[in-house]
Every structure is written in C-alpha cells, then in structure tokens.
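Heads up: the sequence shown runs through residues 239 to 276, numbered per our numbering.
Beta carbons: idealized from backbone N, C-alpha and C, even for Gly.
One structure is given here, and the rest of the page talks about it.
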Amino acid sequence: MSFKMKVVLLLDYIYANRITFKVEKSNKKSSKNIKNLK
C-alpha cells in the first residue's frame, strides 16, 4: 500500500471516530434532559 493511501485511510478512520464520539455525547446529553423533564 502506498503512503498516500495509508494517510487517507488514517484520516478517514479518525473522522469516523470523531462523528461517533459526537453522536454518543449528544445522546448522553439528550438522555440527561429527558430524565430532568420527568
């Protein structure tokens, strides 16, 4: 595999992880808000 391909895959991996991390954080926030409303 060329170096360029490795860099692209690495960036893709980091980007995907950042999205899932953001989703998890927002899910935790919304679940906290739901508990507060009850």
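In the displayed model, M243 falls within a helix according to three-state DSSP. Rounded to whole angstroms, the gap between the alpha carbons of S269 and F259 is 15 Å.
Here the C-alpha atom of F241 lies approximately 48 Å from the C-alpha atom of K273.
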